[in-house]
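Only one structure is covered here, and it is reproduced in the block below.
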Amino acid sequence: MKIGPNAIVAAGSVVVKDVPEGTVVGGNPARVIGSFWDVKEKRESSEKVFSDYPQFWSYMYKHEDQRIEEKWAEFQNKHKNDASREQMI
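175 is the number of the first residue of the sequence shown in my numbering; add one for each residue after it.
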């Protein structure tokens, strides 16, 4: 039994025949489920999509820093007022 170059065998698969070059196999018994080149192409395209995420999130949350600063100032003012009330008592 031979496993060819660039062949991928899924974890737990039971290989009972030769696996040709560039083939993806899986199962019990192992069956062809795709090609190495399809997997490579899908992975490269998904890496491109995920590399765009930082730009997406920076756009989505560009005002978040300002909101955090505003909420922090509200919190500090509220507790400053609470502290001054306690001193009056």
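Even for Gly, the Cβ is constructed at its ideal location relative to N, Cα and C. These numbers come from a predicted model, not from an experiment.
Start and end of the beta strand (DSSP E) containing residue 198? On the sequence shown, position 24 is the one that residue 198 refers to. The continuous beta strand (DSSP E) containing residue 198 extends over residues 197 to 200.
Pop quiz: residue 208 and residue 184 are said to be a contact at Cβ under 8 angstroms. What is the actual Cβ separation, rounded to whole angstroms? Numbered from its first residue, the sequence shown carries residue 208 at position 34. Numbered from its first residue, the sequence shown carries residue 184 at position 10. Residue 208 to residue 184, Cβ: 10 angstroms. No contact.
Identify every residue that forms a DSSP beta bridge with residue 205. In the sequence shown, residue 205 corresponds to position 31, counting from 1. Partner(s): 200.
Between the alpha carbons of residue 190 and residue 215, how many angstroms are there, rounded? Taking the first residue of the sequence shown as 1, we reach residue 190 at position 16. Taking the first residue of the sequence shown as 1, we reach residue 215 at position 41. If I take the Cα positions, the gap works out to 28 angstroms.
Helix, strand or coil, according to DSSP, for residue 213 in the structure here? Locating residue 213 in the sequence shown gives position 39, counting from the first residue. Under the three-state reduction of DSSP output, residue 213 falls in the helix class.
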